[in-house]
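Novice:
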Amino acid sequence: MLCLGHRPGAGFRGFLRKVSCFIKTLKACHQIASEVQRMKSRVIDISKGHQRYHDRYGTLEQGSSSRSIGLNTACHDYRGDALLLHEFELAGIDKPKSQLIRWLVHEDPRLKVLSVSGMGRLGKTTLVKKAFDDVVVKNHFQSHVWITVSESFKIEVLLKDIIKKLFEELEQPVPRGMDNMDTNSLKAIINAFLQQNRKTFMENSCPSHLEGLSKAILNRCEGLPLAIVAISGLLSTKDKSSVDEWDNIYRSLGAEL
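Take 1 as the starting number for the sequence shown in UniProt numbering and just add one per residue.
1. Can you grab the Cα-Cα spacing for the pair Lys165 / Ala188, in whole Å?
2. Under DSSP, the alpha helix (DSSP H) around Glu169 begins and ends at which residues?
3. Do Gln172 and Leu210 have their C-beta atoms within less than 9 Å of each other?
4. Quick check on the DSSP output: the alpha helix (DSSP H) that includes Phe132 runs from which residue to which?
5. Would you report the Cα separation of Glu156 and Leu170, rounded to the nearest angstrom?
6. Nearest-angstrom Cα distance between Ser143 and Asp108?
7. Under three-state DSSP, which class holds Asp108?
8. Apply the 10 Å Cβ neighbour rule to Lys18 and answer buried if 16 or more other Cβ atoms are within range, or exposed otherwise.
9. Considering Asn219, what are the terminal residues of the alpha helix (DSSP H) in which it resides?
10. Could you name the residues of the same chain whose beta carbon sits closer than 8 Å to that of Ala131, not counting the 5 residues immediately before and after it, in chain order?
11. Report the option in Asn139, Phe141, Leu159, Tyr250 whose CA atom is closest to the CA atom of Ile147.
12. Compare the beta carbon distance of Leu114 and Ile93 with 9 Å and say whether it is the shorter of the two.
13. Quick check: what's the CA-CA separation for Pro207 versus Asp244?
14. By Cβ distance below 8 Å, which residues in the same chain neighbour Leu213 in space, the five residues on each side in sequence not counted?
15. If contacts are defined as beta-carbon pairs under 8 Å, then Gly118 and Lys112 qualify, I think. What distance do you get, rounded to the angstrom?
16. State the Cα-Cα distance for the pair Ser20 and Lys129, rounded to the nearest angstrom.
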């Protein structure tokens, strides 16, 4: 008879080692599964972004311009996809975002242009969008709009996009006949919009007791640039602590226009 011996407790320690290895393996599998799920979600987001661009540019009419369309589609503008990135996916975004916000809200009467440059796929568009959407920036400006300028663009399309978003922000109808306007007419509308804001309220904020009348007067102007400029110049000379003078002007607009 062959007798095999073993040390007391060896079987139990072996069992514990197996349990420990199993737990470590299970934890690693869970981490891998979580990472796979995160990657799947990211792929879905990117797929939706590509589908959006396909819906926009893939249905353009074919014909003599088909080659040009093919080239434009091939030269994909990744700035739209960059907006799909979550903030936590950009390492070190907080510091440049804070600096950008400080530049934006710095009190300076002069017009400013802030440029963010760098090699492709660094997250420039995402950084700028995060600063644009920040509550500090939103509260600082009376109006602000976001537009994307592609490599091949038409100035008329950009101006119309700006005008639509400015008026949508104020919940106002866009000027009549805008789709048929040329570049100079579109610029006149934007200049009139900015001039109205600058002349009427120098502190760049409308008193709460005049907000309703301001919107009503703007509605009465029906998007006519000359009317907006003329009436805003008149309102800038009126007492802003009382609604009486403003109300009188509003009531007289029907006959004047």
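Positions of the beta carbon are idealized from the N, C-alpha and C atoms, including for glycine.
Specialist: On the basis of the data shown:
1. Working through the sequence shown from its first residue, we reach residue 165 at position 165. Working through the sequence shown from its first residue, we reach residue 188 at position 188. Whole-angstrom Cα-Cα distance: 16 Å.
2. Mapped onto the sequence shown, residue 169 falls at position 169. Looking at the DSSP string, the run of the alpha helix (DSSP H) that includes Glu169 is 155 to 169.
3. Reading the sequence shown from its first residue, position 172 is the one you call residue 172. Reading the sequence shown from its first residue, position 210 is the one you call residue 210. The answer is no: Cβ separation not under 9 Å.
4. If you number the sequence shown from 1, residue 132 lands on position 132. 124 to 133 is the span of the alpha helix (DSSP H), which, as asked, contains Phe132.
5. The sequence position of residue 156 within the sequence shown is 156, counting from 1. The sequence position of residue 170 within the sequence shown is 170, counting from 1. Their Cα atoms are separated by approximately 22 Å.
6. Along the sequence shown, read from residue 1 onward, the residue named residue 143 stands at position 143. Along the sequence shown, read from residue 1 onward, the residue named residue 108 stands at position 108. Roughly 17 Å between the two C-alpha positions.
7. Sequence index remark: in the sequence shown, residue 108 carries index 108 (1-based). DSSP places Asp108 in coil when its eight states are reduced to three.
8. As a working mapping, residue 18 is identified with position 18 in the sequence shown. Within 10 angstroms of the beta-carbon of Lys18 lie fewer than 16 other beta-carbons, which makes it exposed.
9. Taking the first residue of the sequence shown as 1, we reach residue 219 at position 219. Segment 211 to 221, the alpha helix (DSSP H) holding Asn219.
10. The sequence position of residue 131 within the sequence shown is 131, counting from 1. Excluding residues within five positions, the ones whose Cβ falls inside 8 Å are Lys97, Leu100, Ile101, Leu104, Val137.
11. By one-based count along the sequence shown, residue 147 stands at place 147. Cα-wise, what sits closest to Ile147 is Leu159.
12. Reading the sequence shown from its first residue, position 114 is the one you call residue 114. Reading the sequence shown from its first residue, position 93 is the one you call residue 93. Contact flag unset, no.
13. Within the sequence shown, numbered from 1, the residue matching residue 207 stands at position 207. Within the sequence shown, numbered from 1, the residue matching residue 244 stands at position 244. Going by the C-alpha atoms only, they are around 14 Å apart.
14. Residue numbering aside, residue 213 sits at position 213 when the sequence shown is read from its first letter. So the list reads Val243, Trp246, Asp247, Tyr250, once near-sequence residues are dropped.
15. For the purposes of this step, residue 118 is taken as the residue at position 118 of the sequence shown. For the purposes of this step, residue 112 is taken as the residue at position 112 of the sequence shown. No, Gly118 and Lys112 are not in contact; Cβ-Cβ is about 20 Å, not under 8 Å.
16. As a first step, residue 20 is located in the sequence shown; it is residue number 20 there, counting from the start. As a first step, residue 129 is located in the sequence shown; it is residue number 129 there, counting from the start. When rounded, the distance between both Cα atoms is 47 Å.
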